[in-house]
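A.B. asks: Following my numbering, the numbering of the sequence shown begins with 141 at its first residue and continues without gaps.
Beta carbons are placed, not taken as given, at the ideal position from N, Cα and C, and that holds for glycine.
Quick caveat: nothing in here was measured; it's all calculated off a predicted structure.
The structure follows.
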Amino acid sequence: MSTPNTTEKMSGEVTLTFEVKAGNVFDLQKKKKILQDFSRLDMEDQERIEQIMINPKAREALKKNWKLLKSMF
């Protein structure tokens, strides 16, 4: 069964269409670029970011240590 607005390819890639909230057109373009950049990360880096997104403990640790992490970049 296929999902509307989703095209699966033999390479294991999928094309998605979804809504993104943004305050203005410039924020929207920035978010679009960030999502495109995410799609180009290697699988290991994507999985790390996915864990932060889906794991409440990982998000809490990120919040708790944000100043330290932010100082690294």
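Got a sec? Which residues, its chain only, sit under 8 angstroms from residue 189 by beta carbon, not counting five neighbours each side?
C.D. replies: The residues are 178 and 181.
A.B. asks: Taking the continuous alpha helix (DSSP H) assigned at residue 177, which residues delimit it?
C.D. replies: 165-180 is the span of the alpha helix (DSSP H), which, as asked, contains residue 177.
A.B. asks: Assuming contact is defined by CB atoms lying nearer than 7 angstroms, are residue 215 and residue 202 in contact in what I supplied?
C.D. replies: Nothing can be reported for residue 215: it is not among the residues displayed for the chain, which extend from 141 to 213.
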